[in-house]
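Per the working numbering: the sequence shown ends with 166, consecutive numbering throughout. Take a look at the structure below.
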Amino acid sequence: MLPLLAALVFMFGLGKKLLVPVRWTVALSVLLVALYLFGVISAVPVLVTLFVASPFLIHLRYSDKANTLFGLCVVVPLIVEVIR
């Protein structure tokens, strides 16, 4: 439960810094929590991916690509965990 909480806090903080729309951040967090509660995934890959990608995303903060890359940093580890 602690990795999930850390991933959610980091996701919301980074999303706020990157000016990601709140709806998108909430939708991604609901997806993460739902998959976690069903026992399908672990939140650690999402946390690690966001942590590693955060310097690059902050550098691209005002670019159009920042929101898309933020979403990919959350969704791709989720897909990999579900497939695995």
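Here a beta-carbon is modelled for each residue, glycine too, at the ideal position from N, C-alpha and C. Please read these numbers as outputs of a predicted model, since none were measured by experiment.
Leaving out five residues before and five after residue 89 in sequence, what residues of the same chain have Cβ atoms less than 6 Å from its Cβ? 125, 128, 129
Simplified DSSP assignment, three categories, for residue 120: coil
Short check: CB of residue 97 to CB of residue 138, under 9 Å? no
Check whether chain B comes within 9 Å of residue 111, counting only Cβ atoms and requiring the distance to be less than that. Annotation note: the requested chain B is absent from the structure, which comprises a single protein chain.
Kindly indicate the opening and closing residues of the alpha helix (DSSP H) around residue 89. Where residue 89 is concerned, the enclosing alpha helix (DSSP H) stretches over 84-99.
Please go through the same chain and pick out, in chain order, the residues whose beta-carbon is closer than 7 Å to the beta-carbon of residue 107, but skip the five residues on each side of it. Excluding the 5 residues flanking it on each side, residue 107 has same chain C-beta neighbours closer than 7 Å at 93, 94, 97, in chain order.
Is the beta carbon of residue 102 closer than 9 Å to that of residue 148? yes
Helix, strand or coil for residue 127? Go by DSSP, reduced to three states. helix
By DSSP, does residue 137 sit in helix, in strand, or in coil? helix
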